[in-house]
Amino acid sequence: MSSSDALSDALAQLDALRAEGLAAFESAGSPEAVESARVEYLGQKHGRVKAAQERLKTLEPASRKGYGQRFNAVKTDLESACDAARSRVERKDVAVGAIDVTLPGIRPRQGHRHPLTQTADELIDLFGRFGFAVARGPEVEDVRHNFDALNIPPSHPARDPLDNFYLAVGGKSAPGGAGSPTGESAMLRSQTSTVQIRVMESQPPPVRVIAIGRVYRPDTVDATHSFMFHQVEGLMVDRGVTMGDLKSVLRLFARAYLGKDVTIRFRPSFFPFTEPSVEVDMLWHGGNRWVEMGGAGMVDPNVLRAVGYDPDEVTGFAFGLGIERLCMRRHGIDDIRLLYQNDVRFLRQF
Ligand code: DAH
Numbered sequence: 001m002s003s004s005d006a007l008s009d010a011l012a013q014l015d016a017l018r019a020e021g022l023a024a025f026e027s028a029g030s031p032e033a034v035e036s037a038r039v040e041y042l043g044q045k046h047g048r049v050k051a052a053q054e055r056l057k058t059l060e061p062a063s064r065k066g067y068g069q070r071f072n073a074v075k076t077d078l079e080s081a082c083d084a085a086r087s088r089v090e091r092k093d094v095a096v097g098a099i100d101v102t103l104p105g106i107r108p109r110q111g112h113r114h115p116l117t118q119t120a121d122e123l124i125d126l127f128g129r130f131g132f133a134v135a136r137g138p139e140v141e142d143v144r145h146n147f148d149a150l151n152i153p154p155s156h157p158a159r160d161p162l163d164n165f166y167l168a169v170g171g172k173s174a175p176g177g178a179g180s181p182t183g184e185s186a187m188l189r190s191q192t193s194t195v196q197i198r199v200m201e202s203q204p205p206p207v208r209v210i211a212i213g214r215v216y217r218p219d220t221v222d223a224t225h226s227f228m229f230h231q232v233e234g235l236m237v238d239r240g241v242t243m244g245d246l247k248s249v250l251r252l253f254a255r256a257y258l259g260k261d262v263t264i265r266f267r268p269s270f271f272p273f274t275e276p277s278v279e280v281d282m283l284w285h286g287g288n289r290w291v292e293m294g295g296a297g298m299v300d301p302n303v304l305r306a307v308g309y310d311p312d313e314v315t316g317f318a319f320g321l322g323i324e325r326l327c328m329r330r331h332g333i334d335d336i337r338l339l340y341q342n343d344v345r346f347l348r349q350f
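FYI, the working numbering numbers position 103 of the sequence shown as 103, with every residue one higher than the one before it.
As structure tokens, then:
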């Protein structure tokens, strides 16, 4: 073979190498296919481009310049074809070395309202539908609002210092108040019934309110007791309000909050601020015993008088239910302490 024949043969092979290499990179459809084409053509040790480079040495010195120039062009073309193929398949398969925007992100964990707050909000919503507005009162109360105006006489056992958190603020026996048996005039309220008095003192009838809040009693903590818990108080005063209204409202509420299969029962009882008074029990389908949810009754005429209402004009009903009990019943929680420990493993479930 003459040296020019040898050169044209070598150049033809370079052109073929170029055509085949470009076709290989163009048809590669995955990162793996691009990589295997790269190894075949551009591999440092056994690649076909490397072999073509080796061939330079076999040519006559006169042919080397022409071959070298063509070789460089082919090599550059194949390298850019390899780069193009790589970015093409990488775009299709985003995971390779890039951020995969199609993967689910890492969401910051979002908090939510405490189950007791959820219960309170739902109470506000449900009673709101019956026309009850929300009222509030202080947790640090005076003895007048906690006892006297609620027709609880000074001798009543509910005033026992062992059953109440009295506070020695502002001296003992403030003027006008009967005070506690030991003379304190302030206390942490032991019931939300205080808000009944505060609302009626501040407005003439008609009244239709609920009050939700904390109450405090020095009870020993166990699965069903705490020194602090929450109550929802209800009060409706108007002309011609009856016990039938009370029962309807509580029954509708119980079924709305706890389910259609809830039955409610009134058991005769006594509270100084209602006459007659009842305990409110609820029974669930599948449950085997009545659960006491709180107390209720018709507002005692003495209470109406204490706030300047005329018991011959208006009558009213009142009720007080335990919010923890409602919440625990609703969610099947069996230990009240779980509601106060702020353990997110527990709270996350609601
Ligand atoms: N205040 C009572 C308690 O804490 C519950 C109660 C009973 C509230 C009867 C009322 C009521 O409004 O009418 O035990």
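Note that the Cβ used here is the ideal one computed from N, Cα and C, for glycine as well.
*Starting from E40, trace the alpha helix (DSSP H) both ways and give me its first and last residue.*
31-42
*asked:* Measuring straight from C-alpha to C-alpha, what distance separates R38 and E54?
replied: 18 Å
*Verify the contact flag: A149, CB atom, against every heavy atom of the ligand DAH, threshold strictly below 7 Å.*
no
_Close beta carbons around S226, own chain, < 8 Å, minus the five adjacent residues each side_ = D219, E324, I336, R337, Y340
*Flag this pair as touching only if the region 183-195 and the region 100-115 have three or more C-beta atom pairs under 8 Å; answer yes or no.*
no
*For the ligand DAH, any of its heavy atoms closer than 7 Å to the Cβ of A296?*
yes
*Is G176 helix, strand or coil when you go by DSSP?*
Note that G176 scores a pLDDT of 44, beneath 50, so its modelled location is shaky; the value from the coordinates is reported in the next line. Three-state DSSP puts G176 in coil, outside helix and strand.
*asked:* Can you give me the C-alpha to C-alpha distance between G295 and P104, rounded to a whole angstrom?
replied: 51 Å
*Just the C-alpha distance for A211 and A186, rounded to the nearest angstrom, thanks.*
20 Å
_Terminal residues of the beta strand (DSSP E) in which H145 lies_ = It is not in any beta strand (DSSP E) - H145 instead sits in the alpha helix (DSSP H) that spans 143-146.
*Would you say S269 reaches chain C, if we count a Cβ-Cβ gap shorter than 8 Å as a contact?*
The displayed structure is made up of one protein chain only, and chain C is not part of it.
*From P268 to V280, what distance separates their C-alpha atoms?*
9 Å
*Can A254 and M282 be called in contact, C-beta distance under 8 Å?*
yes
*Starting from the C-beta of G47, find all residues in its chain whose C-beta is less than 6 Å away, skip the five residues before and the five after it, and write them out in chain order.*
Y41
*Is S180 near Y166, with beta carbons less than 8 Å apart?*
yes
*Which one of A158, L56, R198, D148 has the shortest CA to CA distance from F270?*
A158
*Give the range of the alpha helix (DSSP H) segment to which G21 is assigned.*
3-27
*Just tell me which of R251, P272, Y257, F273 has its CA closest to the CA of T263.*
R251
*Looking only at its own chain, which residues have a Cβ that is under 6 Å from the Cβ of S8, when we skip the five neighbours before and after it?*
none
*Thinking H230 and D261 are a contact (beta carbons under 8 Å), I'd like their distance in whole angstroms, please.*
Actually they do not touch by this definition, with Cβ atoms about 25 Å apart.
*Can you tell me which of the three DSSP states G295 falls into?*
strand
*Could you give the distance in angstroms between the alpha-carbon of V307 and the alpha-carbon of V344?*
45 Å
*Determine the DSSP secondary structure at W244, reduced to helix, strand or coil.*
For clarity, residue 244 is Gly in the given sequence; the question names Trp instead. In the structure shown, G244 sits in a helix (DSSP, three-state: H, G or I).
_At the level of alpha carbons, what is the spacing between V207 and G316?_
9 Å
*By the 10 Å Cβ neighbour count, where 16 or more other Cβ atoms means buried, how is K45 classified, buried or exposed?*
exposed
*Closest to E32 by CA distance: which of N164, T119, A135, E90 is it?*
E90
*Rounded straight-line distance, which links the Cα of F346 to that of A174*: Because the pLDDT of A174 is 48, which lies under 50, any placement of that residue in the model is unreliable, and the question is left without a value.
*Could you pull the start and end residues of the beta strand (DSSP E) that P276 belongs to?*
274-283
*Assigned secondary structure, R214 (DSSP; H/G/I helix, E/B strand, else coil)*: strand
*Buried or exposed: which applies to D300, given that a residue is buried once 16 or more other Cβ atoms fall within 10 Å of its Cβ?*
buried
*Residues of its chain near I333, where Cβ-Cβ distance is below 8 Å and the 5 sequence neighbours each way are ignored*: P115, C327, L339
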